[in-house]
Every structure is written in structure tokens, then in C-alpha cells.
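Structure record follows, encoded as C-alpha cells.
There are 2 protein chains.
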Amino acid sequence: MIKFCTFNHRLLMSVDIKMLAKNLNLSISTISRALRDSYEISDVTKTRVREMAEKLNYHPNPYASSLRKHKSMTIAVVIPEITNNFFALAINGIEYVAQEKNYHVLIYLTHENIKKEIGFANHLQNGRVDGIMISLSSETNNYDHLIELKSKGVPIVFFDRICESIESSYITTDDYESGFAATEHLISCGCKKIAYLDLSRYLSISNKRMLGYMSALEKHHISIDERLVMRFTNNNAENEELISKMLTGPNRPDGIFASVEKLAIASYNVCERLKIKIPEQLKIISFSNLEISSLLSPSLTTITQPAYEIGKQAALQLFRYLEKKNMMNVHEKIILKSTLIPRGSTRA
Amino acid sequence: MIKFCTFNHRLLMSVDIKMLAKNLNLSISTISRALRDSYEISDVTKTRVREMAEKLNYHPNPYASSLRKHKSMTIAVVIPEITNNFFALAINGIEYVAQEKNYHVLIYLTHENIKKEIGFANHLQNGRVDGIMISLSSETNNYDHLIELKSKGVPIVFFDRICESIESSYITTDDYESGFAATEHLISCGCKKIAYLDLSRYLSISNKRMLGYMSALEKHHISIDERLVMRFTNNNAENEELISKMLTGPNRPDGIFASVEKLAIASYNVCERLKIKIPEQLKIISFSNLEISSLLSPSLTTITQPAYEIGKQAALQLFRYLEKKNMMNVHEKIILKSTLIPRGSTRA
DNA sequence: CTGTTAGCGCGTTCAA
DNA sequence: TTGAACGCGCTAACAG
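Going down the list, the protein sequences come from chains A and B.
Just so you know, UniProt numbering puts 72 at position 72 of the first sequence, and the rest follows in order with no gaps.
Just so you know, UniProt numbering puts 179 at position 179 of the second sequence, and the rest follows in order with no gaps.
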């Protein structure tokens, strides 16, 4: 009665639709339809089938179904890193929506490496997923891999680190305004020489934040010192070295605006090593989603993005693509607001 | 020359093995073998096939392959939450190994809910993944769903929040010792009344940490006050309420040992609200993987687990199961060491 | 070294 | 309302 087959080098009993059919003296197609709750099947048969399925602990093979339906019930999330509360929160939002829709979530980490991003994009042309959500790597300055992916018909939603030159939906935050507010905050704390720290010269969010920074300086008649606009890599040790040089050099700033949490943390580490007091001697503001109280971080003022909501909105938009055939060319550009959370710096 | 088919409600050109065969005047199976670099195929043919595949931008359909081979090239990671540096780091390690092995990683979040965990476990019987790595939810006090999954032949590796009553590999840390060390650390800081805060009364790691806590108290002749051994839920507001009551009640402790980072943070938040000074009036130690400098958290002493390494080891063990048919009954119990990182509290 | 053939498990025509 | 038969795209057994 029970069929055995070697599966992955081990014995596994496989209950399939055929076995249900045999046990119930019904045809395979009837079973299939009953399980899919088709209108063509009588209620009596349906319940008989369901009961037998339950009894034999039947689980439909997702790959057979995907092959037949050309639908994987799976989405991909491609992000630079996961050890970053922003992305962790975004995944939380994405996963929430995916669970609602009975979808599965594949995770791909580029580690800020464009080659990996290209590799994932190329690979995902094969139908493994029904759509992807992506936040670009800091190295990404060319979008051919994404254009090709899109041309294959794979729906793409960008979030946070978006690509504006591709016509697709995106969810992001008011980076220009936040950059402006962050800089103005430091100015209002008395800073005269404010450094801007960033990971990338390519990302749209980086450039918008920087523009905000520059506008704020201009507004307050502070001249822009190009030497204080700095780019870093994924290498923390190197980054700290650079920051250390900046903080001991002739252009030493009295305020730092870090566009990424990890650069703020690197700055903190350097300050501790150099015995620079924060915020007395140096004020720091940073984009960050660390969920810690001000007691834990008495001197960290942050710009906090609605990360969970961003993930959720991005997923919802992706499902809008997936659920309605005529939505493929209806793109949404959603811009959410970030929040400046003042802490120690203001009290200083 | 190019075949079209409706895919997911949209037009998609599908280049399959058959088309390559036609274009090259070869049989389908030859193509298949050439692409899989089979020894039976001549180098000339192989390169011809590869070039044509490249030219037509051929991507093998993973679901067809999985259906045929009974192998999904996919693993599942089931964890309680992702907004927690421990799990984020663990995923990082897992993903590193998976990328090496050309595997795909599905993420499932239980949100500390046993019903979700059961749902995932039952669902994953269907062959969607070749194996799973799991860290139990704090509610999990029954393992039937996992036993059934294992009986279906799905390899399982437990990490951190393991299940000792199921014969399978696991990776965890020296929780008893860490609990002991954490408590002794507080005692050496002068604490006489130490509270133990935990999420669960079921998890093995919780119990081991608590045993360590109790042993340390005993060793130093401090009697155990059951009212200071507290369990919390996933509801932060409720947790802070409970902590607040504890810190204002007659049994007010002078030290807190939080077995989970979020409980330490809740404690910090409460202290801030109640104007309790840390570490002067209350010392706190916590399991935590926050990657922040001591400047950022001047008063947080932590027990840090080698989270990345745990993820990596867990994945490696899973692949040991997957790669060798005779490894299914060879289980490894790996116990890594955690590190106590003293901060403000010691200086206090 | 290559081709022919037969499924993997399911969904969906078409026919009854 | 149900059944028979075909094929999704690929791999593997068996021939040659």
C-alpha cells in the first residue's frame, strides 16, 4: 500500500496523488481537482478526498506543481547585508506579508559586492522566484543585470537603495530632507565643521543625503570642505583607520554625520581609542535603526527609517504585480518619512 | 526559433533544453549531459553546447530538475525572530556556507509562536527543502512536529535553542558556564540580590543558564529568591510593566541577569523612566550580540555568543548530512564558548 | 560518445 | 460530475 523510493540517498515513503486515487478508487484528476477545491467536484467526493489526504498525511509536491503552473510561490530578497537592523526589520515586514500570502522567502546577501548581485540577478532569471525585492549594493553603478532580469518578465521592487533609472516600483525614504535635518541638527548644536561619512558614491540615497547635507551647510553659510566628505568601504578596520586620521588631522571636524550606522559605530570606536569625548568634543548623528534606549546610547542621535513599514510596503507592491496581470506596468513610487531622534547631543 | 508561452499571466520567452537540441542538431539528453559536464560527452560537443546555451541565454529550470532529482538545492532556516543580532549573525554564517555549496536559503520566522513553528514543520515535509536548521520558539514544549519531520527523512540541525530529546546534530554554547560566569560577575561587582530574567521555561538554553545562575548563587552562599526568577513574553510593553513593578517593589534587586538582549533593553528603558542609575544603583548583565562599542553602551556588560560561527557550523553539519548518505545517523553535538565582555559595570 | 525512451508529480485539456 | 491522456522541463536507464 505504501510506496517507497530512494530520495536523496535515503528511504522515504512518498504519498502522492496517485496513491490517494488508488485508495479511493478515483482518478488522479479527480483528486487533483478535489484538493484544489474545484467547482466540478461534488462535496461528498471532496470531503472523502480530504479525509484520505489527511489520513495518509499527504503533502503536494511543490516542485511538480511549480513546474506545471509556472509559479513558484516564492519571492527573493536581495540585500547587501543582514547584520544591520534596517534590513533585519525590512525582512520582518516582507516575511509578514509573505506569510499572509502563503509565499516563501529566499534570502540572498550581496555583502555590498556587485559581482554577487549580478550573479544573483542572472541566476534568478530561471523562474525560481515569481518576483524579487532588492536593495542595491554600494558598489552597484551599472544596472544591466537588473534591466535584463526585468526584460525577462521578473517583477522587481526596489526598496531603500533604489534604482531610479529603471521603470519599476520603489519604496524609499525622504533622504534629502533627512540629510538636511541631520546636518541642521548638528549646526544647531553648534557645529561648524561637519564631516559627511558614506559608503558609496553611487547609491541614490547616498547622493540625496549628501545633497541635503550640502544644502543645510549652504543655508547656514558654512562653506563645504570636500575633504570632509568621505567614502568608506565594507572593511571596518580600514574605515576606522581613515576616521582616525581625519580626527587627528588638521581638518578635524566638530561634528560627524554618518549616512550608515556602521560608520557611526566606527567613529565611536575611534573616539574611544583617541579619548575624544562625545558629544562634548565631537557630535555624531547617524542613520540608524538600533532599538536601544538613550541610556544605552547616551550620545547617539539618530535618523530612524520606518524599516518594517518599508519592507511591508515593498512586499505588498510586489504582490500587486503578481496578483494582477495588468499591473506589470503600473509602478508606484512610495516615499516614507524618517524620524530624527535626538539624544545626548541635544542635552550637551 | 523562439518559443513563447504565457507565464504567470505575462509573456515570457522560454529557452529550454529542447531548443538547444534543435539548434545544435543534438539530442536532448546529450545537451543535458553536456551541461552537467558528464564524462560521457566529448569536449568538442560540450563547448558547442555551452556556447549555444550562453548565446541563447539558457537557464535551466530548477523546478524541473528538482522534480526529477528529488533534490531542491534549498535549505530552510526556522528561527524565532530576525530583529536580533544573534540570529542575523547566524544567518550570515549559514548563508556563507550555502553560497559556497550553491544552495538557496529559505527563511521562516516563528515570532516565538509554537503554532507557526508546527505549521512550518508540517509544511516542510513536502520536499521543498533538503534539510532544515532550526532554533526553537520560546513556547515550544512539545516536539512531535519535529519528530515527524525527522521521521520523514528530512535532516534537521538544531542551533542555539536546541532540542536534546531528538537524536540529531546540534550546535550550541556553554550556557551553564556562561550563566554561572554572568552571575558571579554581578556578585563580584557587589550584588546581593540578583534577578534572573528569561523568556521561556521550556528552552534548554534557558534552563541551563538558570542552573548556572543558581549554582553561582549557591557557591557564594546567596539564597535563591524565587520571586526574582522571572519569565517574560514577546510583548515588550507588558515586560516593561513587570520589570517596573519588580524594580519598585519590596524585592528590588541590585543586579539583573537577562538571558535575552531584549529583556536587558527593556530593563534599561524602565530604569531610564524610573531614574534608576546604571550601574550605580543597578547592575545589568545580558546575553547580547549588539556590535556596539563600550562608549555606546557604557554600562552594559554582555555575554556574547559566537553567533556567526554557530550559523556556519550548523550549516556545515547540515551539508554533512546532505552530502553523505551514511551520515544520517552520525550526529554531532558541538558546544562553542561564549565570551563575557565586561564594560561599565566593572569600572563602577 | 550519442540517441531513444520513460518517467518525476501534478494540472489541465478533452471526452464521456 | 468524473476519467484518460498529455505535457511542464529535465534526468537517467538502457541501447547502440
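Glycine included, C-beta positions come from ideal geometry on N, C-alpha and C.
Using the three-state DSSP reduction, which class does T301(A) fall into: helix, strand or coil?
As a first step, residue 301(A) is located in the first sequence; it is residue number 301 there, counting from the start. Of the three classes helix, strand and coil, the one that applies to T301(A) here is strand, per DSSP.
Between the alpha carbons of S137(B) and V78(B), how many angstroms are there, rounded?
On the second sequence, position 137 is the one that residue 137(B) refers to. On the second sequence, position 78 is the one that residue 78(B) refers to. Between S137(B) and V78(B), the C-alpha separation is close to 9 angstroms.
Is I310(A) closer than 8 angstroms to I107(A) when the C-beta atoms are compared?
Counted from its first residue, the first sequence places residue 107(A) at position 107. Counted from its first residue, the first sequence places residue 310(A) at position 310. No, Cβ-Cβ distance for I107(A) and I310(A) is not below 8 angstroms.
Euclidean distance between Cα positions of K277(B) and K193(B)
Here residue 277(B) is taken as the residue at index 277 of the second sequence, counted from 1. Here residue 193(B) is taken as the residue at index 193 of the second sequence, counted from 1. The alpha-carbon atoms of K277(B) and K193(B) are separated by roughly 16 angstroms.
List the residues that DSSP assigns as beta-bridge partners of R231(A).
Within the first sequence, the letter at position 231 stands for residue 231(A). Answer by DSSP bridge pairing, in chain order: D198(A).
Could one say the Cβ of N85(B) lies closer than 8 angstroms to chain A's Cβ atoms, at least one of them?
For the purposes of this step, residue 85(B) is taken as the residue at position 85 of the second sequence. Interface residue, yes.
For V260(B), which three-state DSSP category applies?
Locating residue 260(B) in the second sequence gives position 260, where the first residue counts as 1. V260(B) falls in the coil class under three-state DSSP.
Using a 10 Å radius around the Cβ and a threshold of 16 neighbouring Cβ atoms, would you call S151(B) buried or exposed?
Counted from its first residue, the second sequence places residue 151(B) at position 151. With fewer than 16 other Cβ atoms within 10 Å, it is exposed.
Quick check: is the beta carbon of R36(B) nearer than 8 angstroms to any beta carbon in chain A?
The residue given as residue 36(B) occupies position 36 in the second sequence. So, not an interface residue.
Run the proximity test for I171(A): is its beta-carbon closer than 7 angstroms to any non-hydrogen atom belonging to the ligand SAM?
Of ligands this structure carries none, so the ligand SAM is not represented either.
Just reading off the alpha helix (DSSP H) that I310(A) is part of, what are its end residues?
Against the first sequence, residue 310(A) aligns to sequence position 310. First-last of the alpha helix (DSSP H) with I310(A): 307 to 323.
Against chain B, does I31(A) count as a neighbour if the rule is that its beta carbon must be under 8 angstroms from one of theirs?
In the first sequence, counting from the first residue as 1, residue 31(A) sits at position 31. Judged by the 8 angstroms Cβ criterion, I31(A) is not in contact with chain B.
So E95(B) contacts chain A; which residues on that side make the cut at Cβ distance below 7 angstroms?
On the second sequence, residue 95(B) is found 95 positions in, with the first residue counted as 1. By Cβ distance, chain A contributes I107, L109.
Beta-carbon proximity check, F257(B) vs Y196(B), cutoff 8 angstroms:
In the second sequence, counting from the first residue as 1, residue 257(B) sits at position 257. In the second sequence, counting from the first residue as 1, residue 196(B) sits at position 196. The answer is yes: Cβ separation under 8 angstroms.
Do you know offhand how far D254(B)'s Cα is from P342(A)'s?
The residue given as residue 254(B) occupies position 254 in the second sequence. The residue given as residue 342(A) occupies position 342 in the first sequence. In a straight line, the C-alpha of D254(B) is about 30 angstroms away from that of P342(A).
Bridge partners for M133(A) per DSSP, in chain order?
Start at 1 with the first residue of the first sequence, and residue 133(A) comes out as number 133. Paired residue(s): V77(A), V157(A).
Residues in its own chain within less than 8 angstroms of A98(B) by CB, not counting five upstream and five downstream?
Taking the second sequence and counting its residues from 1, the one referred to as residue 98(B) is at position 98. The residues are I75, H104, V105, A315.
Compare the C-alpha of K337(B) against each of G153(B), S29(B), D160(B) and name the closest.
Translated into the one-based positions of the second sequence, residue 337(B) becomes position 337. When each option's Cα is compared against that of K337(B), the closest is D160(B).
Per DSSP, the bridge partner or partners of G255(A)
On the first sequence, residue 255(A) is found 255 positions in, with the first residue counted as 1. DSSP, once it has assigned bridges, lists I194(A), K283(A) as partnering G255(A).
Using 8 angstroms as the threshold, is the C-beta distance between S267(A) and I285(A) below it?
Sequence index remark: in the first sequence, residue 267(A) carries index 267 (1-based). Sequence index remark: in the first sequence, residue 285(A) carries index 285 (1-based). Cβ distance not < 8 angstroms, so S267(A) and I285(A) don't count as in contact.
Which first and last residues belong to the alpha helix (DSSP H) in which L336(A) is found?
Taking the first sequence and counting its residues from 1, the one referred to as residue 336(A) is at position 336. Element bounds for L336(A): not the alpha helix (DSSP H) but the beta strand (DSSP E), 333 to 336.
When you check each C-beta in the stretch 112 to 138 of chain B against every C-beta of chain A, which residues fall closer than 7 angstroms?
Q125, N126, G127, R128, D130
L106(A) lies in the beta strand (DSSP E); which residues open and close that run?
Position 106 of the first sequence, counting from 1, holds the residue named residue 106(A). From DSSP, the beta strand (DSSP E) with L106(A) extends over 104 to 109.
Neighbour list for A64(A) in chain B, Cβ cutoff strictly below 7 angstroms:
As a working mapping, residue 64(A) is identified with position 64 in the first sequence. The answer, in chain order, is L67.
Tell me whether the stretch 56 to 67 of chain A and the stretch 16 to 23 of chain A touch, counting them as touching only if at least three CB pairs, one residue from each stretch, are closer than 8 angstroms.
yes
Check the Cβ of N61(B) against every Cβ in chain A and list those closer than 8 angstroms, keeping chain order.
Translated into positions along the second sequence, residue 61(B) becomes position 61. Correct list: L67, N126, G127.
Closer than 8 angstroms to chain A by CB, N239(B):
Walking along the second sequence from the start, residue 239(B) turns up at place 239. No, because no Cβ of chain A sits closer than 8 angstroms to the Cβ of N239(B).
Give the C-beta separation of D175(A) and K208(A) to the nearest angstrom, bearing in mind that I take them to be a contact with Cβ-Cβ under 8 angstroms.
The count along the first sequence starts at 1 and reaches residue 175(A) at position 175. The count along the first sequence starts at 1 and reaches residue 208(A) at position 208. Indeed, because the Cβ distance is near 4 angstroms, the residues count as touching under 8 angstroms.
Are the C-beta of I82(A) and some C-beta of chain B separated by less than 8 angstroms?
Locating residue 82(A) in the first sequence gives position 82, where the first residue counts as 1. Yes, I82(A) lies at the interface with chain B (some Cβ there is under 8 angstroms from its Cβ).
Does the separation of the CB atoms of G179(A) and Y213(A) fall below 8 angstroms?
Residue mapping note: residue 179(A) aligns to position 179 of the first sequence, counting from 1. Residue mapping note: residue 213(A) aligns to position 213 of the first sequence, counting from 1. Yes, these two residues count as a Cβ contact at 8 angstroms.
In or out: Q317(B) buried (at least 16 other Cβ within 10 Å) or exposed?
Here residue 317(B) refers to the residue found at position 317 of the second sequence. It is buried - the Cβ of Q317(B) has at least 16 other Cβ atoms within 10 Å.
Cutoff 7 angstroms; reference I41(B); Cβ partners in own chain excluding five residues on either side
For this step, residue 41(B) is matched to residue 41 along the second sequence. Same-chain partners within the cutoff: T30, R33, A34.
Given a threshold of 16 other Cβ atoms within 10 Å of its Cβ, counted over all protein chains shown, does P250(B) qualify as buried or as exposed?
For the purposes of this step, residue 250(B) is identified with residue 250 of the second sequence, where counting begins at 1. Exposed: under 16 other Cβ atoms inside 10 Å.
Bounding residues of the alpha helix (DSSP H) (the contiguous stretch that carries L340(B)):
For the purposes of this step, residue 340(B) is taken as the residue at position 340 of the second sequence. No alpha helix (DSSP H) contains L340(B), which is instead part of the beta strand (DSSP E) from 339 to 341.
Going by C-alpha to C-alpha distance, which of S299(A), L300(A), I335(A) sits closest to P306(A)?
Numbered from 1 along the first sequence, position 306 holds the residue referred to as residue 306(A). Selected option, being the one with the closest Cα: I335(A).
In its own chain, which residues sit with a C-beta less than 6 angstroms from the C-beta of Q313(B), not counting the 5 before and 5 after it?
For the purposes of this step, residue 313(B) is identified with residue 313 of the second sequence, where counting begins at 1. For Q313(B), where only same-chain residues beyond five positions count, the Cβ hits under 6 angstroms are I171, I334.
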